[in-house]
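Numbering follows the UniProt record's numbering, with no gaps: position 99 of the sequence shown is 99.
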Amino acid sequence: MPAKEMKHKWYDTRSASRNRKSAFTRESTSTRTTSESSVPFNRKTVGVSEPKKARVSDRQKRHPAKGADSSQRFKRSATPPPSSIEAADLTNKKRRRTRNKNELGRQDPRQSTQRIRVKIEDLDLDKSYVGCYPLNPQVSERAFRQPRWRHRREQPLIDEKKLPPKWSSDEPDLSESDIDGQIARCLERIDDNIMPHIFEQRLEEYKTTKAHREELAKVEPEGLSWDVVQRINTLKALRKGLRRSDPNKQLSNVKAILAAYRTKSLEWTGLVTYWSKGVQLSQPRPFDWDEHDVINMHHKADKSFWVEGVNDSFESPSPVIL
Numbered sequence: 001m002p003a004k005e006m007k008h009k010w011y012d013t014r015s016a017s018r019n020r021k022s023a024f025t026r027e028s029t030s031t032r033t034t035s036e037s038s039v040p041f042n043r044k045t046v047g048v049s050e051p052k053k054a055r056v057s058d059r060q061k062r063h064p065a066k067g068a069d070s071s072q073r074f075k076r077s078a079t080p081p082p083s084s085i086e087a088a089d090l091t092n093k094k095r096r097r098t099r100n101k102n103e104l105g106r107q108d109p110r111q112s113t114q115r116i117r118v119k120i121e122d123l124d125l126d127k128s129y130v131g132c133y134p135l136n137p138q139v140s141e142r143a144f145r146q147p148r149w150r151h152r153r154e155q156p157l158i159d160e161k162k163l164p165p166k167w168s169s170d171e172p173d174l175s176e177s178d179i180d181g182q183i184a185r186c187l188e189r190i191d192d193n194i195m196p197h198i199f200e201q202r203l204e205e206y207k208t209t210k211a212h213r214e215e216l217a218k219v220e221p222e223g224l225s226w227d228v229v230q231r232i233n234t235l236k237a238l239r240k241g242l243r244r245s246d247p248n249k250q251l252s253n254v255k256a257i258l259a260a261y262r263t264k265s266l267e268w269t270g271l272v273t274y275w276s277k278g279v280q281l282s283q284p285r286p287f288d289w290d291e292h293d294v295i296n297m298h299h300k301a302d303k304s305f306w307v308e309g310v311n312d313s314f315e316s317p318s319p320v321i322l
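In structure tokens form, the structure reads like this:
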């Protein structure tokens, strides 16, 4: 047979094969369509591939999760739940903690020590602890004054590169509240002729502060300390606000405390005094949360209970820092 005829015959044979496959596909599709409602869904029938199974390592096969069912046998095991005995122990521990907390009273978030029982009969509220404790035990002793240098020339020394070694403009031996001491030190520094412009400016600031203090103290009795004058000024502002609204009945306490400061029967010493309904309940003593709760409960002071002298005083039983 010629090559040309063989080529055409080969193409005809291939075309006929294609036609037979197409006819078979159409027949299968029509048959599936007509019987789709009666034949249940089958992934293999409609040509949907099965989902791939999760790959399990040899280590997971050797150490399957204990207590897991067959569907989760090779999954990573979580912390097993506690047994009935362990669950009962945890419940009892929670009950004991709750009972102890209720017996000891409300824990103060600022105090990490365990609460203790205190009886009102064991407290000597008439004893004063003034002088038994330092005013502020948190502050260590002040450092010594740094060496004093003097510049004897007419022109002041203002070049930082020529300053004496370890020279500083700080005053570590003086407190910021010691206005008179700071003013006297500024005058000495100016006379030393070293960086005088710094101390001249500082001197003006301290003079302004002193004038403000004298203005506040002028309307109060003479001889009051600056701490007491500041506290009186704060209490006067509180009294003004309480006259407009006093839901906790604190106005009588504020008035009584103001009178005690002005008559010098009460000082600002870092100790506390307890007040209720305008009456002083204790002499100055260290603050203690257990004593605070016992005194409050003994006087049934749901309102009108005041603690004066804890850094900033606050009301009780719900402390509000003033």
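Quick reminder that beta carbons are idealized off the backbone N, C-alpha and C, glycines included. These numbers were taken from a predicted model, which means no experiment stands behind them.
Measuring only the C-alpha atoms, how far is E214 from D178? The alpha-carbon atoms of E214 and D178 are separated by roughly 14 Å.
Just the C-alpha distance for W268 and S276, rounded to the nearest angstrom, thanks. Rounded to the nearest whole angstrom, the C-alpha separation of W268 and S276 is 19 Å.
Can you tell me which of I295, P164, R150, P247 puts its alpha carbon nearest to the alpha carbon of D191? Residue R150 is the option with its Cα nearest to D191.
On the DSSP letters alone, give me the boundaries of the alpha helix (DSSP H) that Q254 sits inside. Gln is not the amino acid found at residue 254; the sequence shown has Val there. For V254, the enclosing alpha helix (DSSP H) covers residues 251-262.
Please state the DSSP three-state secondary structure of H194. Checking the displayed sequence, the identity of residue 194 turns out to be Ile instead of His. Three-state result, I194: strand.
Indicate whether the contact test is met: 3 or more Cβ pairs, each with one atom in the segment 291-305 and one in the segment 155-165, closer than 8 Å. Contact fails: fewer than three Cβ-Cβ distances are below 8 Å.
Ordered along the chain, which non-local residues of its own chain (more than five positions away) have a Cβ less than 8 Å from that of S225? The residues are E267, W268.
Can you give me the C-alpha to C-alpha distance between V254 and K236, rounded to a whole angstrom? Rounded to whole angstroms, the gap between the alpha carbons of V254 and K236 is 8 Å.
What do you reckon, are the CB atoms on R262 and L251 nearer than 8 Å? No, these two residues do not count as a Cβ contact at 8 Å.
Which whole-angstrom value describes the C-beta separation of H299 and L281, a residue pair presumed to lie in contact below a C-beta threshold of 8 Å? Separation of the CB atoms of H299 and L281 is rounded to 7 Å, and the pair is thereby assigned contact status at 8 Å.
Out of curiosity, what's the CA-to-CA distance linking I198 and T209? Our two residues, I198 and T209, have alpha carbons roughly 17 Å apart in a direct line.
As assigned by DSSP and simplified to three states, the class of Q182: Q182 falls in the helix class under three-state DSSP.
Restricting to Cα atoms, I'd like to know which of P165, P284, K264 is closest to T273. Cα-wise, what sits closest to T273 is P284.
Minimum length 4: unbroken alpha helix (DSSP H) runs contained in the segment 184-246: Those alpha helix (DSSP H) runs which fall completely within the segment 184-246 and span 4+ residues are 196-217, 226-244.
Determine the burial state of N233: buried for a count of at least 16 other Cβ atoms within 10 Å of its Cβ, exposed for fewer. Its Cβ having fewer than 16 others within 10 Å, N233 is exposed.
Let me know if S175 comes out buried or exposed under the rule of 16 or more other beta-carbons within 10 Å of its beta-carbon. The Cβ neighbour count for S175, taken over all protein chains shown within 10 Å, is under 16; the residue is labelled exposed.
Do you know whose CA, among E200, V130, I257, lies nearest V307's CA? Nearest option by C-alpha distance: I257.
Where M195 and P147 are concerned, what is the direct C-alpha to C-alpha distance, given to the nearest angstrom? So the alpha carbons of these two residues sit roughly 15 Å apart.
Unbroken beta strand (DSSP E) run spanning V307, endpoints: Element bounds for V307: 305-308.
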